[in-house]
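Okay, structure first, notes after.
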Amino acid sequence: MPATKPWLETLTLDKLHRVAVNIGSPCSGTKTARVEGIRNVVSSVKSRGEKPLSLLSIDMGIRNLAFAHFTAPKAGDETPAVYDHPTLQAWRRVAIASSSASQNAAKANKLLRDVGSVEDDVGVATKESFEPMDYARHAYALVRDMLATYHPNHIIIERQRFRSGGRAAVPEWTIRVGVFEGMLYAVLRTLIEQGDLEVEVEPMWPSQVNRFWLEGQDRDVVPSLGKKLTGREVKRAKINIVGGILERHAGPGTGAGKISISEEIQPFAKEFVATWKKEIKTKKNEMKSIPKLDDLADSLLQGLAWIEWQDHRKLLEILGSKAVDMETGCML
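For what it's worth, the UniProt record's numbering labels the leading residue of the sequence shown as 1, then goes sequentially.
Here you go:
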């Protein structure tokens with residue numbers, strides 16, 4: 001059987017890298033591996049876009065889990081896209097750890113519906129329990145309440161790395177978050193297997209999301225520095241991107257820009273922008289609120305990246321090589 005999209009074989013590694021960045025496929029490995037990665041993700045888009053999108057984007061954490069909920073109608077047949085203009089319906093930070101599972105469940109149920117402050121650490125307990133039994137309760141309560149509140153048909157979860165920055169040791173806190181991540185998948189898989197839930201669950205690698213926003217075409221928010229950004233610089237750059245998106249396109253139902261913001265989230269979005277503007281004026285651009293803004297920014301950019309990847313994948317599926325500048329590898 002002949003390979004699909006044989007034109008991919010004619011692209012250099014650099015050009016394949018640019019294509020991969022814009023569709024969210026792996027950017028490492030041999031040329032053969034990259035080509036197969038592009039083919040696999042492009043073929044996956046065929047099953048999507050059959051109904052309106054309800055996307056829940058989760059940025060993992062225990063004291064600082066963040067999530068964003070997007071909705072988007074199906075794109076019309078006349079456009080090579082999967083989804084039409086998305087709307088941000090909910091956007092929050094959640095502190096999961098609690099000494100009381102029942103107390104945490106009640107707080108989770110309330111916080112998923114209420115609009116709070118960027119500065120809030122909702123649900124922080126005076127005493128935290130890291131026992132697996134308590135983690136399991138937290139995971140079940142969080143999944144149950146998110147499903148009941150937002151009715152997602154797609155859930156994307158930030159994939160945890162066990163090592164970063166070349167460390168030899170794995171930090172204990174990283175292991176704790178990894179355990180909680182696994183429990184979220186276990187709860188969701190159990191509900192799916194029992195027939196109680198119809199939802200697609202997908203991991204999101206932060207490196208792929210970062211490349212899309214920091215290396216992708218038409219990225220005028222982050223200047224090319226000619227050097228690898230530090231972890232703090234990456235966080236600051238992503239916060240700047242979100243601040244810019246919200247500042248320019250935070251009108252409810254305007255249909256302009258990357259997203260619309262629901263009326264309920266408008267005050268929260270405006271507070272994010274106000275906090276962001278205040279912080280970028282601090283000495284040496286040292287954002288003191290990075291921990292509070294970073295998690296929110298990650299959950300929003302992760303969701304938007306996933307939506308744009310679907311559109312770019314469908315474009316490649318329909319137009320093939322005509323969707324790519326064969327001289328540069330950039331999407332047209």
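Note that beta-carbon positions come from the ideal geometry of N, C-alpha and C, so glycine has one too.
Of the choices the options, whose alpha-carbon is the least far from that of residue i?
i           : options               : result
residue 32  : 22, 296 and 5         : 5
residue 304 : 332, 238, 331 and 279 : 238
residue 159 : 141, 204, 212 and 140 : 204
residue 243 : 326, 265 and 274      : 274
residue 26  : 18, 19 and 37         : 37
residue 24  : 161, 248, 92 and 208  : 208
residue 60  : 93, 322, 262 and 28   : 93
residue 309 : 325, 10, 80 and 13    : 80
residue 199 : 7, 316, 39 and 153    : 153
residue 206 : 270, 300 and 260      : 300
residue 51  : 39, 77 and 34         : 77
residue 175 : 236, 15 and 130       : 130
residue 144 : 132, 186 and 278      : 186
residue 132 : 182, 147, 157 and 87  : 182
For the beta strand (DSSP E) containing residue i, name the first residue and the last one.
i           : result
residue 273 : Note, residue 273: premise wrong, no beta strand (DSSP E); alpha helix (DSSP H) at 266-280.
residue 90  : 87-94
Is the CB-CB distance between residue i and residue j below 8 Å?
i           : j           : result
residue 276 : residue 57  : no
residue 341 : residue 210 : With the chain represented from 1 up to 332, any question about residue 341 goes unanswered, as that position is not in the structure.
residue 95  : residue 63  : yes
residue 336 : residue 201 : Because the chain here runs from 1 to 332, residue 336 falls outside it and cannot be looked at.
residue 18  : residue 329 : yes
residue 313 : residue 21  : no
residue 54  : residue 150 : yes
residue 184 : residue 139 : yes
residue 293 : residue 269 : no
residue 66  : residue 296 : yes
Does the beta carbon of residue i fall short of 7 Å from some heavy atom of the ligand ZN?
i          : result
residue 85 : With respect to the ligand ZN, the structure offers nothing, as it holds no ligand at all.
- Message: Quick check for students: name the residue ranges of the alpha helix (DSSP H) that lie wholly in the region 5-80, counting only runs of 4 or more.
- Response: 13-23 and 31-44
- Task: With a floor of 4 residues, list each alpha helix (DSSP H) that falls wholly inside the region 134-221, ordered by position along the chain.
- Result: 172-193 and 206-215
- Task: Report yes or no: do the region 68-75 and the region 192-208 share at least 3 C-beta pairs separated by less than 8 Å?
- Result: no
- Task: Take every Cβ of the region 81-92, pair it with every Cβ of the region 319-332, and state whether three or more of those distances are shorter than 8 Å.
- Result: no
- alpha helix (DSSP H) runs wholly inside the region 288-319, at least 4 long, in chain order: 290-319
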